[in-house]
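A.B. asks:
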Amino acid sequence: MPQPIGQAPPDAAYLGIKPVLMQPSKPFKGAHDDIERFVGDCITYFEAFSSYFILDSQMVPFAASYFEGPAKEWWVYKRPEFWANDDEDLISARFQYPTGGEFVSILTTQF
Numbered sequence: 002m003p004q005p006i007g008q009a010p011p012d013a014a015y016l017g018i019k020p021v022l023m024q025p026s027k028p029f030k031g032a033h034d035d036i037e038r039f040v041g042d043c044i045t046y047f048e049a050f051s052s053y054f055i056l057d058s059q060m061v062p063f064a065a066s067y068f069e070g071p072a073k074e075w076w077v078y079k080r081p082e083f084w085a086n087d088d089e090d091l092i093s094a095r096f097q098y099p100t101g102g103e104f105v106s107i108l109t110t111q112f
């Protein structure tokens, strides 16, 4: 199989493509006995695709996007707690998600 050599143009379409090496986590529905599986699957996925998941602000919403049922309902009401809209803050309004460890702690406390 030929290997590319040289430089790719910055707008090359294939630069935005990632291979499907593994499936993302199965949905988490809020079952207490399923938390370890869900968190473990997410951590494994984040490690496999570490170049795409550098910040907690990328990991937390991605993990939460796999919530269903009671977990999704809980997140709908929990998520606004992370909205930052301080007039004295130089950065515009945005979500300030917890760290990955804090997120897991919040999740396990709830479920």
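If you use this note's numbering, the sequence shown closes out at 112, no skipped numbers anywhere.
The C-beta atom is built at its ideal place from N, Cα and C for all residues, glycine as well.
Quick caveat, the model's predicted, so the values are computed rather than measured.
Taking contact to mean 3 or more Cβ pairs, one atom from each stretch, closer than 8 angstroms, check whether the stretch 30 to 38 and the stretch 54 to 73 are in contact.
C.D. replies: yes
A.B. asks: Out of W84, E89 and I92, state which residue places its alpha-carbon closest to the alpha-carbon of P99.
C.D. replies: W84
A.B. asks: Which first and last residues belong to the alpha helix (DSSP H) in which D57 is found?
C.D. replies: Here the alpha helix (DSSP H) through D57 covers D57 to A65.
A.B. asks: Assuming the contact rule is C-beta atoms closer than 8 angstroms, I36 and T109 should be a hit. Round their C-beta distance to whole Å, please.
C.D. replies: 6 angstroms
A.B. asks: Use the C-beta contact count for S26: other C-beta atoms within 10 angstroms, 16 or more gives buried, fewer gives exposed.
C.D. replies: buried
A.B. asks: At a cut of 8 angstroms, does the stretch 42 to 62 reach the stretch 87 to 99 through at least three beta carbon pairs?
C.D. replies: yes
A.B. asks: For the alpha helix (DSSP H) that Q8 lies in, which residues bound it at each end?
C.D. replies: Boundaries cannot be given for Q8, as no alpha helix (DSSP H) includes it and DSSP labels it neither H nor E.
A.B. asks: Counting only the same chain and skipping the five closest in sequence on each side, list residues whose C-beta sits under 6 angstroms from that of W76.
C.D. replies: A65 and F68
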